[in-house]
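Letter 733 of the sequence shown, counting from 1, is numbered 732 in numbering that gives the first Met the number 0, and no numbers are missing.
Using N, Cα and C, we set each Cβ at its ideal position, and we do this for glycine too.
Have a look at the structure below before the remarks.
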Amino acid sequence: MTQLQKQHSQPATSCCTLENVDAALNKLTLDQKISLLAGQGSFKTTAIPEHGIPATTTSDGPHGLRGARQFARVPSCLLPSATAMGATFDIELMREVGCLLGKEARCKNVHVLLAPTVCLQRSPLMGRGFEAFAEDPVLSGHIASAYINGIQSCGVAACIKHYAAHDQSANSVEDNVCMTQRTLRELHLLPFQLAQRLAEPWAIMTSYNRINGVHSSEDPLLLQKILRDDWNFKGIVISDWWGTYSTTEAINAGMDLEMPGPTQFRGKLLNVAVNTRKVSLDTIHQAARNVLQLVNRVTTAPSLSEPLVQDTPADRALVRKLVGDSVVLLKNDVKTLPIRNQKGKTYGLIGDHFKYPALSGGGSAEGDPYYVVTPYEAMVEAVGEENIQYTPGIYSFKFTPFLKHLYQPGTNLHGWHVEIFGQNPDVERGASAIYKATTDKDLIDIPESLHKFFPSKYFVRATAEFVADKSCRFRFGFSVAGKGKVRIQGEEAIDLWSSQPPKTADTPCFNRLSMERFFDLDVRQGERVSVEVVMVNEDVAGGVGTAFTLAGRLGGHEVVEKDHGLMQAVGMARSVDVPIVLAGLSADYESENSDRKHLRLPPGADDMIQAVLEANSNAIICIQSGCPVEMPWVEKAHTLVHAWYGGQEVGHGIVDVLFGQVNPSGRLSVTFPKSLKHTPSYLTFGKADYDILYGEGVFIGHRFYEAVAREPLFYFGHGLSYTSFHYDNLIVPNVFHPLSEHEMVITVNVTNVGEQAGAEVVQLYVHDPESSLQRPERELKAFSKVYLQPQETKRVSLKVDKYALSVWDEGASKWMAEKGEYEVIIARSSNPRDEISRAHFNLPETFYWSGV
């Protein structure tokens, strides 16, 4: 544990502004207490200055702090996707990641980080699947706990989410998920329960959906019986943004804080509910106490022992390590990797992800990084630009990528000059702007915090200059929330003002922008092209969890015909020494408020990979996605790497693995199926019915595939290394003694028998052959990542506790561990063929338990 972790491993107990929470509460009127129970603005809680109660600031941030919405960029450290974090299987690394986020939060005066996400990937179609750690509740719960402990060690609250079963993204407010109590407890609540046991998060966020007919934010079973009574949760319960749907039901169930502000269901409505005795004074008092306790914890944290400096070399190194350690080597049949760089060797970089890499999935988890090292740039660092050839092949983006070389007029500063008008500047040419700003952001987005200064109908004019990096035919693409149009070189180019195409597919920015329209133009390298966007806040649409704000999105790219791009890719694969394909999904395809319809790569990508492999079977195939994709060409690929969404160090992380600076140690945190039809929720995911039946029960992910004897494409936990490991001397106690903590320790020797240092993930599964209930053939119950030098041996200890044996007994409404014989399975993955050894132990007596 670092000095920083030691200093802040416990929350602060002293208080500056609130000497005593209860004393402060007793000074407040009913109206003041009620005011505390809803936010003010997008991301702040309510302050009561006259009583010394400050506002606190929240921020999205599973992969990095988004910060407040404003014209200026608020850059932050952008981490790889949560599925990548889960793929590390590394508890200590996750605590370091949490510390990094906590430190960033302190630098930005953020008190509550709305993270982590621990809902399981019931289906790989889930739009927010990239944002959660794993399909397995034990892996998810342990990774989340380390992440939370790191954040809170810095005096910043982690708000674990989404409680519970937020497993679909598209308009989830309407969803009613139906499942047994056993399914709920053993899968969809277990990561939250483990986090409460191991980390005690200071806040928890409710999900949008219903569970068995009751919205999560109104469910006394979830919020009172389970969370507070069973688990002894002492923190605050916060709604997801616009995820409060009632006054009395939500507050009586135990939902403390409605977000965002201004309130829709509290304020005067809650005052009336108290006066009509629908809500008790004690309920208001307790909810306000939970709010003040959070305020107390996060505003009185002591100063950090390390300086508050952002974007440090140490931070960059940590993110680079995280990317490299998450990369999964799926196939290396002919030992193409690691690449041995030799003088004069040529490299063919095929795929637009080399220059437009996938940094993150879309939605509230998508951050604005300090910088981005693209895979192309990292390859140039590694081998020199003179040895590289590049072709995008087939474009993989769904939405036109933002313009890379866009400058505020007459400057070399990136971004836009923005003017706000009370009348149409196209009609009233002499109109004076009521607000002016410059922004270095790509999206023209009007922050809702400014709306109070504008008339109900307002107009926006944004101007910039685009500079092409090569002479070519160039395509601009524009979409808008509201109405808008684009002028290029003073001429009308794109019209989304007089009419807009019907929505036939998902769109950017939480699905709230229009479909795109396009304009092609011949551009010359280095010449400045004037661009003007005019918009009005009419017909502005919103989505689940997002504000109704005016926004415009202008992007562009070189026009490349599909057949020509494919021909270039094939030619390059034949002519270079080392062809590398980098393709996959991006935030265009995996995003909040939008679920995928299939598991295929973007149109044309599979054809390109197939053609490249036919031209050169030794081509290295590297795929980026947050959740699984189908791979119809997989049998032809000798070398296959999965790189997730890589954040700001995506290029370095991938190239480090390809050239062997990092020995790959990532393991799949989600099962990759051969086909969507093979997934456990294939018939019950989506909007086919009003109710969504979790008919797969406790059999999701790797649990399902073995139960039905259906081999997936790649198993959960799978991942190769550049070295080899040998296991021996497994020791399992004969009897599991039901002592106070119900724990036993299992040990095994692991030896690196190869020639390169590397890390192995030891995976422990448990099988209960005598269970009275139907259980999976194997369930992950413990894991450990061990780093070994060549020929080094380490003794690895794995702790097995009551969680490893127990199932939820619906009759007793308790956890039950049944007496009998159990099997411990040590394995390299959930694949039965990767089993290394197994041993038996006995539980002499059945026992029941509750709590954590």
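Using 8 Å as the threshold, is the C-beta distance between residue i and residue j below it?
i, j, result
"residue 118", "residue 71", "no"
"residue 414", "residue 439", "yes"
"residue 723", "residue 753", "yes"
"residue 260", "residue 227", "no"
"residue 594", "residue 126", "yes"
"residue 655", "residue 347", "no"
"residue 462", "residue 380", "no"
"residue 474", "residue 556", "yes"
"residue 641", "residue 297", "no"
"residue 883", "residue 565", "Any answer about residue 883 is impossible in this case: the structure gives the chain only from 0 up to 851."
"residue 230", "residue 258", "no"
"residue 818", "residue 803", "no"
"residue 670", "residue 185", "no"
"residue 567", "residue 318", "no"
"residue 446", "residue 69", "yes"
"residue 495", "residue 509", "no"
"residue 235", "residue 256", "yes"
"residue 725", "residue 828", "no"
"residue 618", "residue 572", "yes"
"residue 242", "residue 33", "no"
"residue 638", "residue 620", "yes"
"residue 611", "residue 580", "yes"
How many Å lie between residue i and residue j at the Cα?
i, j, result
"residue 668", "residue 456", "48 Å"
"residue 199", "residue 851", "11 Å"
"residue 375", "residue 353", "5 Å"
"residue 155", "residue 301", "11 Å"
"residue 120", "residue 762", "20 Å"
"residue 845", "residue 759", "35 Å"
"residue 26", "residue 39", "21 Å"
"residue 138", "residue 813", "22 Å"
"residue 404", "residue 357", "19 Å"
"residue 141", "residue 188", "13 Å"
"residue 690", "residue 683", "9 Å"
"residue 589", "residue 128", "8 Å"
"residue 115", "residue 206", "13 Å"
"residue 276", "residue 708", "57 Å"
"residue 372", "residue 553", "23 Å"
"residue 246", "residue 146", "33 Å"
Can you tell me the Cβ-Cβ gap for residue i and residue j, rounded? I've got them flagged as a contact below 8 Å.
i, j, result
"residue 366", "residue 62", "6 Å"
"residue 36", "residue 286", "5 Å"
"residue 20", "residue 55", "So it is not a contact: roughly 14 Å between Cβ atoms."
"residue 695", "residue 361", "27 Å between Cβ atoms; not a contact."
"residue 871", "residue 349", "The chain is shown only over 0 to 851; residue 871 falls outside these bounds and no answer can be derived."
"residue 728", "residue 748", "5 Å"
"residue 788", "residue 751", "6 Å"
Would residue i be called buried (16 or more neighbouring beta carbons within 10 Å of its own) or exposed?
i, result
"residue 484", "buried"
"residue 108", "exposed"
"residue 9", "The pLDDT assigned to residue 9 is 37, lower than 50, so where the model puts this residue is not dependable, and the model offers no usable value."
"residue 847", "exposed"
"residue 15", "Note that residue 15 has pLDDT 41, beneath the 50 cutoff, so the model's placement of it is unreliable and no number is given."
"residue 395", "buried"
"residue 398", "buried"
"residue 634", "exposed"
"residue 839", "exposed"
"residue 13", "Here the model assigns residue 13 a pLDDT of 35, short of 50, so the residue's position is not dependable, and the following value carries that caveat. Residue 13 should be labelled exposed."
"residue 22", "exposed"
"residue 832", "exposed"
"residue 597", "exposed"
"residue 377", "buried"
"residue 167", "buried"
"residue 370", "exposed"
"residue 730", "exposed"
query: Using 8 Å as the threshold, is the region 265-272 in touch with the region 184-196, meaning 3 or more CB pairs across them?
result: No contact exists between the region 265-272 and the region 184-196.
- prompt: Any chance the region 380-389 sits against the region 489-505, with 3 or more Cβ pairs inside 8 Å?
  reply: Contact fails: fewer than three Cβ-Cβ distances are below 8 Å.
- prompt: On the three-pair Cβ rule with 8 Å, is the region 672-690 touching the region 623-643?
  reply: Here the region 672-690 makes contact with the region 623-643; the two share three or more CB pairs at distances below 8 Å.
task: Please confirm if the region 596-603 is in contact with the region 421-431, defined as three or more CB-CB distances below 8 Å between the two stretches.
output: Contact check between the region 596-603 and the region 421-431: fewer than three CB pairs, one atom from each, fall below 8 Å, which does not count as touching.
task: Would you check if the region 196-213 and the region 169-181 touch, i.e. whether three or more CB-CB distances between them fall below 8 Å?
output: Cβ pair count under 8 Å is three or more, so yes.
- prompt: Below 8 Å, can you find three or more Cβ-Cβ pairs linking the region 327-339 to the region 706-726?
  reply: Three or more beta-carbon pairs drawn from the region 327-339 and the region 706-726 are found closer than 8 Å, and the two stretches are therefore classed as touching.
message: Using 8 Å as the cut-off, can you tell me whether the region 509-526 makes contact with the region 311-320, which would need three or more C-beta pairs spanning the two stretches below that distance?
response: No, the region 509-526 is not in contact with the region 311-320.
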